[in-house]
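Participant: For the sequence shown, the working numbering gives the first residue as 6, with consecutive numbering after it. In this text, a Cβ means the ideal position worked out from N, Cα and C, and glycines have one as well.
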Amino acid sequence: MRAEDFDQIVLDENAESNKMLSVKAEEYAGDGDRLENFKQASGMLSVNPAEALMGMLVKHFVSVGKLAKAPHSVSMEKWDEKLRDIRNYTYLLKAVLIDIGVK
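(1) Threshold first: 4 residues or longer. Then list the alpha helix (DSSP H) segments lying entirely within the segment 38 to 68, N to C.
(2) With 16 as the cutoff for other CB atoms within 10 Å, does PHE43 come out buried or exposed?
(3) If you check the beta carbons only, do VAL79 and LEU72 fall under 8 angstroms apart?
(4) Would you check if the segment 21 to 40 and the segment 94 to 105 touch, i.e. whether three or more CB-CB distances between them fall below 8 angstroms?
(5) Could you check where the alpha helix (DSSP H) with MET129 kicks off and where it finishes?
What follows is the structure, given as structure tokens:
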């Protein structure tokens, strides 16, 4: 793949991730704390919010791992959704780490 093609993928995917994060914010946080679900999960599981988030992220890795065994079994649209979920969880993890005071 040419460097220019790869760079375009990165630009396009960042834009799509931003869109997805905005949609999910409405769904999961409303007007409240964007990290509320991770904080609630952390309390339920007696772990810190970063650990709670990682527990939720594992589900996405398992799903992608299954798809990777037969990559042509689903559309690129499905791949995009799964990969964006994982990417967005890394952004959410960064926010959680800042929120809990990691310096």
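Facilitator: In short, the structure shows the following:
(1) 41 to 50
(2) buried
(3) yes
(4) yes
(5) With the chain represented from 6 up to 108, any question about residue 129 goes unanswered, as that position is not in the structure.
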